[in-house]
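A.B. asks:
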DNA sequence: TGCATAATTGGCATAATAACCAAATGACTG
DNA sequence: CAGTCATTTGGTTATTATGCCAATTATGCA
């Protein structure tokens with residue numbers, strides 16, 4: 001029972017890590033190729049420290065992995081299925097749209 | 106470009122709705138059978154108003170649907186795949202565990 | 001060594017969440 | 001119509017998240 005609660009919290013933690021537009025963008029960007037923080041920062045268009053913190057959150061959640069190369073840090077996706085989520089998320093968004101249509105008539 | 110940003114926000118919104126232990130519990134509970142708020146409240150063990158608000162968040166995200174029956178409101182899962190998420194989430198959690206093992210040695 | 005580049009960390013202000021209690025709404029029942 | 005049960009909404013407070021700036025750490029190079 002207590003174990004179940006812990007599991008729910010762990011799952012929620014992973015989802016929370018993904019539940020931010022910038023972090024979704026980062027996951028998406030890293031699904032192609034590894035990138036260094038600087039590149040990602042340019043793509044995102046925010047402060048380096050902000051992007052670094054987002055990456056840290058994704059890393060702590062186990063979604064990405066970092067590797068130092070010279071003075072750069074390269075991040076790469078750790079879980080291939082991280083994008084499979086999004087298929088389902090898209091299904092939810094379609095339902096949202098359907099709901100809105102229903103309300104309008 | 107602006108469209109992509111909107112899509113990221115929409116997706117993040119769905120994930121955010123799921124990113125809470127209680128709400129994951131509710132989704133899980135509703136995956137079996139529809140339940141009324143009172144039943145869910147007992148299962149969760151929190152204030153009715155709290156549970157009602159969580160249900161409202163899930164509903165607004167398009168994940169569940171409500172239906173009034175007499176003086177009760179029954180909620181049901183709207184997206185069958187909402188639990189498929191969790192397979193991937195579990196994969197992430199296994200990676201987390203692996204990471205911890207690596208740190209320990 | 002001294003400097004420049006890359007990234008992380010700390011600090012702070014602001015905003016968003018979450019939980020509870022209390023009050024209001026909606027719907028059946030006597 | 002008054003009363004009761006089921007649910008939602010409003011209000012308050014505590015906690016957490018976010019983003020930037022400034023300062024620090026780490027690495028490579030002249």
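Residue numbers (this note's numbering), protein chains in the order written: chain F, 1 to 105; chain L, 106 to 210. Ideal placement from N, C-alpha and C gives every residue a C-beta, glycine not left out. Bear in mind that the values here come from a model prediction, so they are computed numbers and not experimental data.
Suppose you measure from the CA of residue 106 of chain F to the CA of residue 51 of chain F; what does that come to, to the nearest Å?
C.D. replies: Here chain F comprises residues numbered 1 to 105, so residue 106 of chain F is not present and cannot be evaluated.
A.B. asks: Beta carbon of residue 92 of chain F, beta carbon of residue 118 of chain L: below 7 angstroms?
C.D. replies: Within the first chain, numbered from 1, the residue matching residue 92 of chain F stands at position 92. Within the second chain, numbered from 1, the residue matching residue 118 of chain L stands at position 13. No, the pair does not count as a contact, with Cβ atoms beyond the cut-off.
A.B. asks: For residue 20 of chain F, would you say it is in contact with chain L, using Cβ-to-Cβ distances shorter than 7 angstroms as the test?
C.D. replies: Taking the first residue of the first chain as 1, we reach residue 20 of chain F at position 20. So yes, residue 20 of chain F belongs to the interface.
A.B. asks: Taking 7 angstroms as the CB-CB cut-off, is residue 95 of chain F touching chain L?
C.D. replies: To locate residue 95 of chain F, count along the first chain from 1; it is residue 95. Judged by the 7 angstroms Cβ criterion, residue 95 of chain F is in contact with chain L.
A.B. asks: If I measure Cβ to Cβ from residue 130 of chain L and keep anything under 8 angstroms in the same chain, skipping five residues before and after, which residues do I get?
C.D. replies: Residue numbering aside, residue 130 of chain L sits at position 25 when the second chain is read from its first letter. So the qualifying residues of the chain are 148 and 149.
A.B. asks: Quick check: the segment 57 to 76 of chain F against the segment 164 to 181 of chain L, are there 3 or more CB pairs under 8 angstroms?
C.D. replies: No, they do not touch.
A.B. asks: Give a yes or no on whether 7 angstroms exceeds the smallest Cβ distance from residue 102 of chain F to chain L.
C.D. replies: By one-based count along the first chain, residue 102 of chain F stands at place 102. For residue 102 of chain F, the answer is no, since every Cβ of chain L falls outside 7 angstroms of its Cβ.
A.B. asks: Can you pull out the residues from the segment 119 to 147 of chain L whose beta carbon lies closer than 7 angstroms to at least one beta carbon of chain F?
C.D. replies: Those would be 119, 120, 121, 123, 124, 125, 126, 129 and 130, in chain order.
A.B. asks: Closer than 8 angstroms, Cβ to Cβ, to anything on chain F: give me those residues from the segment 149 to 177 of chain L, in chain order.
C.D. replies: Cβ contacts with chain F: 166, 167 and 168.
A.B. asks: Should residue 205 of chain L be labelled buried (16 or more other beta-carbon atoms within 10 Å of its own) or exposed?
C.D. replies: If you number the second chain from 1, residue 205 of chain L lands on position 100. Looking at its Cβ environment, which holds fewer than 16 other Cβ atoms inside 10 Å, residue 205 of chain L is exposed.
A.B. asks: Quick check on the burial criterion: 16 or more other C-beta atoms within 10 angstroms. Buried or exposed for residue 208 of chain L?
C.D. replies: Indexing the second chain from 1 puts residue 208 of chain L at position 103. Counting Cβ neighbours within 10 Å, residue 208 of chain L comes out exposed, since fewer than 16 surround it.
A.B. asks: Rounded to whole angstroms, what's the CA-CA distance from residue 23 of chain F to residue 186 of chain L? Just pull it up for me.
C.D. replies: Taking the first chain and counting its residues from 1, one reaches residue 23 of chain F at position 23. Taking the second chain and counting its residues from 1, one reaches residue 186 of chain L at position 81. Using only the alpha carbons, I get a separation of about 22 angstroms.
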